[in-house]
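Undergrad:
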Amino acid sequence: MTEERLQKVIARSGVASRRKAEQLILEGKVNVNGKQVTELGTKVTAKDEISVEGIPIEKEKLVYFVLYKPRGVISSVKDEKNRKTVLEFFPEIEERIYPVGRLDYDTSGLLLLTNDGEFTNQLLHPSRRINKEYIVKTEGIPDRKKLDLFKKGIRSDGDLLKAVYVKMKSVDRKKNTAIIKLTLHQGKNRQVRRMFDAIRTPVMKLSREKFGNITLEGLRPGEYRELTPQEVADLLQLAK
Ligand code: URA
Numbered sequence: 151m152t153e154e155r156l157q158k159v160i161a162r163s164g165v166a167s168r169r170k171a172e173q174l175i176l177e178g179k180v181n182v183n184g185k186q187v188t189e190l191g192t193k194v195t196a197k198d199e200i201s202v203e204g205i206p207i208e209k210e211k212l213v214y215f216v217l218y219k220p221r222g223v224i225s226s227v228k229d230e231k232n233r234k235t236v237l238e239f240f241p242e243i244e245e246r247i248y249p250v251g252r253l254d255y256d257t258s259g260l261l262l263l264t265n266d267g268e269f270t271n272q273l274l275h276p277s278r279r280i281n282k283e284y285i286v287k288t289e290g291i292p293d294r295k296k297l298d299l300f301k302k303g304i305r306s307d308g309d310l311l312k313a314v315y316v317k318m319k320s321v322d323r324k325k326n327t328a329i330i331k332l333t334l335h336q337g338k339n340r341q342v343r344r345m346f347d348a349i350r351t352p353v354m355k356l357s358r359e360k361f362g363n364i365t366l367e368g369l370r371p372g373e374y375r376e377l378t379p380q381e382v383a384d385l386l387q388l389a390k
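Written out as structure tokens, the structure reads:
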């Protein structure tokens, strides 16, 4: 769960400026989970109950979105090279959302965003078996044997990269390209690209079509929608 400095959380709740919040902490007017805290560096998480002069501060509402990320956008909240980030698709959202995992700059498709650290931890935990479905367009047509290697697992930089499902959707023999559907449980960095690198088949396009029960239905690139409470509950159930 994301930890933040106590004064920052107080300031965000609107009760006081950052400086005033620091003063309140030093004066012993802030309690965390019922205990007085006077240390400025104290870290808190969304689970902690914070009160200022005996009054609990209001917590940020938890929000959950699905974005159809276009290619050429970075999956983080800031980019030191000033490239477009996924947050730019949410100009009117006040909550401090961030992506649940990431998609590469050149990958398009389904990206979840939230401000719920616990939800993020649950979904990204390596032991969870949530289906993530990808569609890959390749240069060259890999044979069945090569694709079968994906199910056995392929070693790459110390990781065993596996797919739970692989299907050749279509081939274009004239253009020498193929469309392949791949379902993963794992979510290692650049996993799909590394798997195709390992069988020496260049990836021309990569898109994530599904994350658990969530699809891109009804969304165009750059559009997002809020998840329903049922969808959030179902995702957490899948992560159990
Ligand atoms: N695998 C990749 O290689 N890239 C992504 O963005 C997602 C999965």
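For the sequence shown, our numbering assigns the number 390 to the last residue and increments by one with no breaks. Heads up, the beta-carbon is just placed ideally off N, CA and C, and yes, glycines get one too.
#1: So the beta strand (DSSP E) E376 belongs to, where does it begin and stop?
#2: Please give me, in chain order, every unbroken run of the alpha helix (DSSP H) with length at least 4 that falls completely inside the region 271-339.
#3: T159: buried (16+ other C-beta within 10 angstroms of its C-beta) or exposed?
#4: For A196 and G267, which I take to be in contact (beta-carbon distance under 8 Å), what is that distance rounded to the nearest angstrom?
#5: Do Y255 and R358 have their CB atoms nearer than 7 Å?
#6: In chain order, which continuous runs of the beta strand (DSSP E) of length 3 or greater are located wholly inside the region 181-220?
#7: Closer than 6 Å: is that where the CB of L341 sits relative to any heavy atom of the ligand URA?
#8: At which residues does the alpha helix (DSSP H) containing V342 begin and terminate?
#9: With distances taken Cα to Cα, identify the nearest neighbour of R162 among E244, L176 and Q173.
#10: Mark G290 as exposed unless 16 or more other C-beta atoms lie within 10 angstroms of its C-beta, in which case mark it buried.
#11: Any heavy atom of the ligand URA within a distance shorter than 6 Å of the CB on D254?
#12: Can you give the Cα-Cα distance for P220 and G372, rounded to whole angstroms?
#13: Thinking just about the alpha-carbon of each residue, which of V187, V216 and L263 is nearest to the one in R370?
#14: What are the boundary residues of the beta strand (DSSP E) that L435 is part of?
#15: Based on the DSSP output, what are the partners of I224 in its beta bridges?
#16: Answer yes or no: the CB of T257 versus the heavy atoms of the ligand URA, is any distance below 6 Å?
#17: Can you give the Cα-Cα distance for L385 and T235, rounded to whole angstroms?
#18: Return the CA-CA distance between T365 and K185, expressed in angstroms with no decimal places.
#19: Using only CA atoms, which one of K360, G303 and V314 lies nearest to A144?
#20: Measure from the alpha carbon of T257 to the alpha carbon of each residue in I224, A166 and I280, then state which is nearest.
#21: With 16 as the cutoff for other CB atoms within 10 Å, does T270 come out buried or exposed?
#22: DSSP on S163, reduced to helix/strand/coil?
#23: Alpha carbons only, please: which of P379, S306 and E376 is nearest the one belonging to R343?
#24: With a 10 Å radius around its C-beta and 16 neighbouring C-beta atoms as the bar for buried, classify P249 as buried or exposed.
#25: I'd like to know whether the C-beta atoms of K287 and K355 end up nearer to each other than 7 Å.
#26: Excluding the 5 residues flanking N363 on each side, which residues of the same chain have their C-beta closer than 6 Å to its C-beta?
TA: To lay it out plainly:
#1: As a first step, residue 376 is located in the sequence shown; it is residue number 226 there, counting from the start. E376 -> beta strand (DSSP E) spans Y374 to E376.
#2: 294-302
#3: Here the question's residue 159 lines up with position 9 in the sequence shown. A small correction: the amino acid at residue 159 is Val; Thr does not occupy that position in the sequence shown. It is buried - the Cβ of V159 has at least 16 other Cβ atoms within 10 Å.
#4: Residue numbering aside, residue 196 sits at position 46 when the sequence shown is read from its first letter. Residue numbering aside, residue 267 sits at position 117 when the sequence shown is read from its first letter. Indeed, because the Cβ distance is near 6 Å, the residues count as touching under 8 Å.
#5: Sequence index remark: in the sequence shown, residue 255 carries index 105 (1-based). Sequence index remark: in the sequence shown, residue 358 carries index 208 (1-based). Result no, Cβ atoms of Y255 and R358 do not sit closer than 7 Å.
#6: 200-202 and 214-219
#7: Taking the first residue of the sequence shown as 1, we reach residue 341 at position 191. Sequence check: residue 341 is Gln here, not Leu. For the ligand URA, at least one heavy atom lies less than 6 Å from the Cβ of Q341.
#8: Residue numbering aside, residue 342 sits at position 192 when the sequence shown is read from its first letter. Note, V342: alpha helix (DSSP H), Q341 to A348.
#9: Locating residue 162 in the sequence shown gives position 12, where the first residue counts as 1. Out of E244, L176 and Q173, E244 has the C-alpha closest to the C-alpha of R162.
#10: Taking the first residue of the sequence shown as position 1, residue 290 is located at position 140. By the 10 Å Cβ count, G290 comes out exposed.
#11: Here residue 254 is taken as the residue at index 104 of the sequence shown, counted from 1. Checking the Cβ of D254 against the ligand URA gives yes.
#12: Here residue 220 corresponds to residue number 70 of the sequence shown, with the count starting at 1. Here residue 372 corresponds to residue number 222 of the sequence shown, with the count starting at 1. Cα-Cα distance, rounded: 6 Å.
#13: Position 220 of the sequence shown holds residue 370. The residue with the shortest Cα to Cα distance from R370 is V216.
#14: No answer is possible for residue 435: it lies beyond the span of the chain, which begins at 151 and ends at 390.
#15: Start at 1 with the first residue of the sequence shown, and residue 224 comes out as number 74. Answer is T235, bridged to I224.
#16: For the purposes of this step, residue 257 is identified with residue 107 of the sequence shown, where counting begins at 1. Within the chosen limit of 6 Å, the ligand URA reaches the beta carbon of T257 through at least one heavy atom.
#17: Start at 1 with the first residue of the sequence shown, and residue 385 comes out as number 235. Start at 1 with the first residue of the sequence shown, and residue 235 comes out as number 85. When rounded, the distance between both Cα atoms is 25 Å.
#18: Position 215 of the sequence shown, counted from the start, is the residue given in the question as residue 365. Position 35 of the sequence shown, counted from the start, is the residue given in the question as residue 185. Rounded to whole angstroms, T365 to K185 spans 44 Å at the Cα level.
#19: Any answer about residue 144 is impossible in this case: the structure gives the chain only from 151 up to 390.
#20: Numbered from 1 along the sequence shown, position 107 holds the residue referred to as residue 257. Ranking the options by Cα distance to T257, first place goes to I224.
#21: Position 120 of the sequence shown, counting from 1, holds the residue named residue 270. Result: buried.
#22: Here residue 163 refers to the residue found at position 13 of the sequence shown. Note: S163 maps to helix in three-state DSSP.
#23: One-based indexing of the sequence shown puts residue 343 at position 193. Of the listed residues, the one whose Cα sits closest to R343 is S306.
#24: The sequence position of residue 249 within the sequence shown is 99, counting from 1. Buried: at least 16 other Cβ atoms inside 10 Å.
#25: As a first step, residue 287 is located in the sequence shown; it is residue number 137 there, counting from the start. As a first step, residue 355 is located in the sequence shown; it is residue number 205 there, counting from the start. Yes, Cβ-Cβ distance for K287 and K355 is below 7 Å.
#26: Within the sequence shown, residue 363 is the residue found at index 213, counting from 1. These residues qualify, in order along the chain: D384.
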